[in-house]
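Residue numbers (the numbering used here): 2 to 229.
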């Protein structure tokens, strides 16, 4: 591993373990992930846990969402944790069992993310798990009127080396601040358009939400006919 990349120490690109999970050195990242997955009835049997997130760059970083992938001993993906962060330093985990190549899971929205949306409605997570070095995620915010907001991530794996990190820093020297700048720029644009601003409520005591598989409309129709 390049000296430009480090865990829990200053470096050009770094990962601070207390940015994730329980955010406490007393609780390991793996221990936190296994406990959340167990709440959804997912057990890894000592299989690996992989964290896909935004690192700190030049000491600063913000991860709007981090994806935890829990595998069984045979590298079979068994569960996913969507760890959502807001700009107020709060975190909530949405946990999904996984048993397919691409899966849509839905859950009640339980966490304040944006001052332009109430804590209501539902989230729909559509994950394309890592395959041939690529991974994709779409998160939709759904309300009675339909889709309110959508965010997507497309990721491609690449090797980590000193030259690769230097190229990254030259091309995107402020990438650590990029997510935060983009969030506040979008907020300013919404305010200028007259969007209503909500005061942040206290975070709810519930910190883990279990998702449910989404049936498409055809499947729902067939299920209704079969029961009839």
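Using N, Cα and C, we set each Cβ at its ideal position, and we do this for glycine too.
Just so you know, these numbers come straight off a predicted model, no measurement behind them.
Report yes if the C-beta distance between residue 64 and residue 86 is below 7 Å; otherwise report no.
-> Taking 7 Å as the Cβ cut-off, residue 64 and residue 86 qualify as a contacting pair.
So residue 6 packs on residue 161, CB below 8 Å; how close in whole Å?
-> 6 Å
Chain-order list of residues whose beta-carbon lies under 6 Å from that of residue 204 (same chain, five-residue window excluded) = 91
DSSP on residue 176, reduced to helix/strand/coil?
-> helix
Residue 79 in three-state terms, based on DSSP | strand
Work out the CA separation of residue 178 and residue 169 for me, nearest whole Å.
-> 14 Å
Quick one: what does DSSP say residue 40 is sitting in, helix, strand or coil?
-> helix
Indicate whether at least one CB of chain B lies closer than 7 Å to the CB of residue 80.
-> Reference to chain B is not applicable here, since this structure consists of a single protein chain.
Same chain only: Cβ atoms within 6 Å of residue 138, ignoring 5 sequence neighbours per side | Residues 128, 154 of the same chain have their beta carbon placed closer than 6 Å to that of residue 138, with the five preceding and five following residues left out of the count.
Check each candidate in 131, 125, 135, 74 and name the one with the smallest Cα separation from residue 141.
-> 125
DSSP three-state assignment for residue 21, whether helix, strand or coil = coil
In angstroms with no decimal places, state the Cα-to-Cα distance between residue 43 and residue 193.
-> 45 Å
Would you kindly report the start and end of the unbroken beta strand (DSSP E) that includes residue 151?
-> 147-157
If you count every other CB in all the chains shown that lies within 10 Å of the CB of residue 185, and 16 or more means buried, which is it?
-> exposed
Taking the alpha-carbon positions, what's the residue 69 to residue 82 distance?
-> Taking the straight line joining both Cα atoms gives about 5 Å.
Under a Cβ-count criterion, where at least 16 other Cβ atoms within 10 Å of its own Cβ denotes burial, should residue 12 be classed as buried or exposed?
-> buried
Could you pull out every residue in the same chain whose Cβ sits closer than 8 Å to the Cβ of residue 57, ignoring the five residues on either side in sequence?
-> 14, 15, 16, 17, 20, 177
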